[in-house]
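Trainee: Once you've had a glance at the structure underneath, I'll fire off some questions.
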Amino acid sequence: MIEVNGLTKVYGAKTAVAGVSFTVRAGQVTGFLGPNGAGKSTTMRMIMGLDRPTSGSATVNGLPYVQHRAPLREVGALLDAKAVHTSRSAYNHLLAMAATHSIPKARVHEVIEMTGLEAVARKKAGGFSLGMGQRLGIAAALLGDPQTLILDEPVNGLDPEGVVWVRNLVRYLAGQGRTVFLSSHLMSEMAQTADHLIVIGRGRVIADAPIQDIITGKGQSRVRVRTDQPDRLHQLLAGRGASIAVPERELLEVTGLDPRTIAAVALENQVMVYELTPLVASLEEAYMELTKDDVEYHSLPAAEVSHP
Amino acid sequence: MSSTTTESMPAREPAPSLGHAGRNAGRSLPGPTFVRVLNSEVIKFRSLLSTLILLASTAVVMVGFGALSAWGTGQFADAANRDPQAAARMAAQGGDLAVSVPTSGIAFAQLILGSLGVLLMSSEFTTGMARSTFAAVPRRLPAFAAKLVVVMVTSFAVTAVSTWVAGLAAVPILDNYGLKLDLGSSQSVKLLLVNSVYVAAVAAIGMALGTLIRNSAGGITSLVGIFFVAPIAFQLIPGDFFKEARKYLPGNTVEPLTAAQHVPDTLEAWQAGLVLGAWVVIPVLLAAVLLKRRDV
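Protein sequence lines, in the order shown, are assigned to chains A and B.
To convert, note that position 142 of the first sequence is 141 in numbering that gives the first Met the number 0; the numbers rise steadily by one, no gaps.
To convert, note that position 45 of the second sequence is 44 in numbering that gives the first Met the number 0; the numbers rise steadily by one, no gaps.
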């Protein structure tokens with residue numbers, strides 16, 4: 000279990016993380032989602048005691064990371080695929096990490112095998128592809144057989160098979176009752192991996208809920224209604240508590256009422272309706288919706304980004 | 000390769016290794032004690048080819064300069080024997096030129112091993128390794144201390160052994176010119192030990208600079224500044240202040256520490272020892288404090 004309380008990190012004039020609080024529970028995969036520069040990595044580094052918070056605190060399994068007697072056996076972290084000396088072989092890197100906790104050589108071989116690094120284990124880590132670097136980082140995270148895993152963008156740079164492998168691995172680890180906390184800026188990846196989502200934008204938590212709630216909650220299902228009496232229907236539906244947008248003449252976008260209710264209201268009042276389409280927000284849309292005010296770097300045209 | 004690992008991973012998983020994770024699993028199992036961290040730093044040290052190359056270069060340079068210097072000293076002694084004036088000058092200097100032959104390459108050893116000290120720490124930061132190191136040892140100072148021990152012990156040992164081998168190479172060459180070099184004499188042993196301690200001190204200063212500056216080029220430049228530029232600059236700047244200050248530069252502590260008799264207008268041996276000690280302790284403490292405080 001990871002508990003973060005009012006965590007804040009200020010670099011000079013820039014606030015990277017602004018009073019973030021959340022809890023990551025054991026036995027499920029918790030996604031940490033946010034656009035680039037949202038403060039995900041900084042938050043994770045603060046949890047790992049590598050960056051000193053300006054204020055606030057973070058504990059893992061009840062203790063600040065620094066105070067654990069055997070930190071690698073408590074928490075395994077992939078914070079950066081390049082957290083390796085480029086001239087050292089993958090095997091020696093893992094061996095040196097293992098030595099700090101008297102983790103036996105057999106375990107080093109085990110994690111190499113688990114991550115599929117056998118063929119390159121004796122090669123310099125500097126020559127690794129991004130995907131191989133990620134696998135080495137995951138191997139290092141698994142070394143101490145930790146209860147808690149913190150993985151920063153683990154699928155970044157992996158080929159499609161690697162992505163599936165990470166997805167299966169984290170689901171498997173969470174299934175064993177471990178705490179798995181992984182970040183990504185890709186909503187679609189989270190949709191397939193995470194049980195619970197914490198969405199962060201500009202250093203603030205925007206949403207913290209089970210993934211299903213995020214899809215259905217924030218991207219509330221809307222209904223598109225075309226009618227030749229928009230003013231009258233608007234009035235009728237608004238009277239029943241719906242919120243209504245009018246993108247075009249004769250077109251209403253209704254939030255808060257289901258299509259059946261809308262149809263019933265129209266029929267009762269003899270209003271002709273010539274289109275009635277439920278709009279279910281994809282997770283991607285929900286994410287865009289959540290973070291649209293919090294993206295640090297907007298690209299133009301922004302609309303195209305949301306339709307992959 | 001990835002295709003073989005994709006689906007089979009959980010199946011391949013040895014059950015006991017990932018199966019027993021209780022909430023308190025980590026609390027009773029071994030954590031990072033100093034000895035374990037030291038072992039880790041030794042593995043890190045010996046698994047870098049560049050480190051081993053620097054150590055080998057030090058040995059080659061020390062032995063090479065020892066042999067060259069033996070030859071040069073022999074030539075000089077020959078000339079002196081034919082020239083009574085030169086012989087008188089030589090006698091005035093204490094006569095024993097041969098004894099300092101084995102350590103004649105020490106300036107290069109200090110440059111190479113000092114740079115090694117810088118690199119071992121700066122490369123942790125430039126490669127990102129520091130995040131792995133300090134995630135494994137979140138208290139940080141044990142890792143710093145262990146690395147310092149590895150750097151200093153290795154620098155001492157490599158310098159001592161290369162000095163000894165340089166001496167062995169120099170003895171027959173000096174013998175040719177009728178000069179005697181006794182490697183077991185107290186002055187020989189003193190030179191070997193003091194110079195080796197000195198090079199270990201330089202390596203420690205280098206490591207402190209690497210920790211403070213976190214950049215290889217900057218660290219090595221600072222090291223060269225202290226050991227090679229400052230002594231010359233201080234000599235060129237007129238005025239008693241710089242003449243006096245020059246004595247307190249770390250590079251000028253070896254002569255007073257190894258002199259057979261005290262040379263006027265230099266530090267006493269004990270003063271030189273304190274000065275060199277301060278040059279090590281102050282940067283190392285500063286580096287340790289900042290390493291503990293700064294973000295990685």
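All C-beta atoms, glycine included, are put in the ideal place defined by N, C-alpha and C.
Going straight from the alpha carbon of A/THR114 to that of A/SER128, what length do you get?
Mentor: Across the structure, A/THR114 and A/SER128 are spaced so that their CA atoms are roughly 14 Å apart.
Trainee: Show which residues of chain A have a CB atom less than 7 Å away from the CB atom of B/PHE133.
Mentor: LEU49
Trainee: Just mark A/ASP144 as buried or exposed, buried being the case when its beta carbon has 16 or more other beta carbons within 10 Å.
Mentor: buried
Trainee: Is A/ARG203 helix, strand or coil when you go by DSSP?
Mentor: strand
Trainee: According to DSSP, simplified to helix, strand and coil, what is A/TYR64?
Mentor: helix
Trainee: B/LYS43 touches chain A at which residues, Cβ-Cβ below 8 Å?
Mentor: HIS84, ARG87, ASN91 and ALA95
Trainee: Beta-carbon of B/SER114 versus every beta-carbon of chain A: anything under 8 Å?
Mentor: no
Trainee: What's the gap between the Cα of B/VAL262 and the Cα of B/ALA271?
Mentor: 12 Å
Trainee: Can A/ALA105 and A/ILE111 be called in contact, C-beta distance under 8 Å?
Mentor: no
Trainee: Are any of the Cβ atoms in chain A nearer than 8 Å to that of B/VAL274?
Mentor: B/VAL274 does not count as touching chain A.
Trainee: What distance in whole Å lies between the Cβ atoms of B/SER56 and B/ILE105, which are believed to be in contact at a cut-off of 8 Å?
Mentor: In fact, because the Cβ distance is near 14 Å, the residues do not count as touching under 8 Å.
Trainee: What residue range does the alpha helix (DSSP H) around B/LEU110 cover?
Mentor: Per DSSP, B/LEU110 belongs to the alpha helix (DSSP H) from 105-126.
Trainee: Is A/LEU78 close to chain B, meaning its C-beta is less than 8 Å from at least one C-beta of that chain?
Mentor: yes
Trainee: Among the candidates B/GLY30, B/PRO101 and B/THR32, whose CA atom is the shortest distance from the CA of B/ALA168?
Mentor: B/PRO101
Trainee: Where does A/ILE111 fall in DSSP's three states?
Mentor: helix
Trainee: I'd like to confirm the pairing. Which residues does DSSP put opposite A/ASN4 in its beta bridges?
Mentor: A/SER56
Trainee: In chain A, which residues lie with their C-beta within 8 Å of the C-beta of B/LEU47?
Mentor: HIS84, SER86 and ARG87
Trainee: What is the residue span of the beta strand (DSSP E) that A/VAL74 lies within?
Mentor: In the DSSP assignment, A/VAL74 falls within the beta strand (DSSP E) that extends over 74-77.
Trainee: Below 8 Å on the Cβ atoms is my contact criterion, and I expect A/VAL198 with A/TYR64 to pass it. Report the Cβ-Cβ distance as a whole number of Å.
Mentor: At roughly 24 Å, the Cβ-Cβ gap does not stay under 8 Å, so A/VAL198 and A/TYR64 are not in contact.
Trainee: Consult DSSP for A/SER40 and reduce its assignment to one of helix, strand or coil.
Mentor: helix
Trainee: Within the continuous beta strand (DSSP E) that includes A/PRO277, where are the two ends?
Mentor: A/PRO277 -> beta strand (DSSP E) spans 272-278.
Trainee: Considering only C-alpha positions, which residue in the set A/MET271, A/THR14, A/GLY161 and A/GLY5 is nearest to A/SER54?
Mentor: A/GLY5
Trainee: Put A/GLU152 into one of helix, strand or coil per three-state DSSP.
Mentor: coil
Trainee: Measuring CB atoms only, is the segment 61-81 of chain B touching the segment 93-104 of chain A, in the sense that at least three cross pairs come out at less than 8 Å?
Mentor: no
Trainee: Can you find a C-beta in chain B that's less than 8 Å from the C-beta of A/VAL81?
Mentor: Sequence inspection shows Lys at residue 81 of chain A; the Val mentioned does not correspond to that position. Under the Cβ criterion of 8 Å, A/LYS81 is counted among the residues facing chain B.
Trainee: What number of angstroms, rounded off, separates the C-alpha of A/ALA95 from the C-alpha of A/VAL74?
Mentor: 17 Å
Trainee: Hey, how far is the Cα of A/ALA138 from the Cα of A/GLU109?
Mentor: So the alpha carbons of these two residues sit roughly 9 Å apart.
Trainee: Considering only their Cβ atoms, is the gap separating A/ARG221 from A/GLU249 smaller than 8 Å?
Mentor: no
Trainee: For a contact defined as C-beta to C-beta under 7 Å, what are the partners of A/THR99 on chain B?
Mentor: Residues of chain B with a Cβ closer than 7 Å to the Cβ of A/THR99 are, in chain order, PRO31, ARG35, VAL36, SER39, ALA135 and VAL136.
Trainee: In angstroms, rounded to a whole number, what distance separates the CA positions of A/THR14 and A/GLU117?
Mentor: Their Cα atoms are separated by approximately 42 Å.
Trainee: Helix, strand or coil for B/ASP95 per DSSP?
Mentor: coil
Trainee: How would you label B/ALA121, buried or exposed, when you count the other beta carbons within 10 angstroms and need 16 or more for buried?
Mentor: Residue identity check: residue 121 of chain B is Ser in the sequence provided, not Ala. Burial call: buried.
Trainee: Quick one: residues in its chain with C-beta nearer than 6 Å to the C-beta of A/GLU274, no 5 flanking neighbours on either side, listed in chain order?
Mentor: ARG225
Trainee: For B/ALA20, count neighbouring Cβ atoms within 10 angstroms of its own Cβ and tell me buried if that reaches 16, exposed if not.
Mentor: Bear in mind that a pLDDT of 43 at B/ALA20, under 50, signals an unreliable position, so the number given afterwards is only what the model happens to contain. Looking at its Cβ environment, which holds 16 or more other Cβ atoms inside 10 Å, B/ALA20 is buried.
Trainee: So, B/GLY116 versus B/MET206, is the Cβ gap smaller than 8 Å?
Mentor: Taking the C-beta atoms as reference points, B/MET206 is found nearer than 8 Å to B/GLY116.
Trainee: Measure from the alpha carbon of A/HIS100 to the alpha carbon of each residue in B/PHE226, B/PRO31, B/TYR197 and B/PHE44, then state which is nearest.
Mentor: B/PRO31
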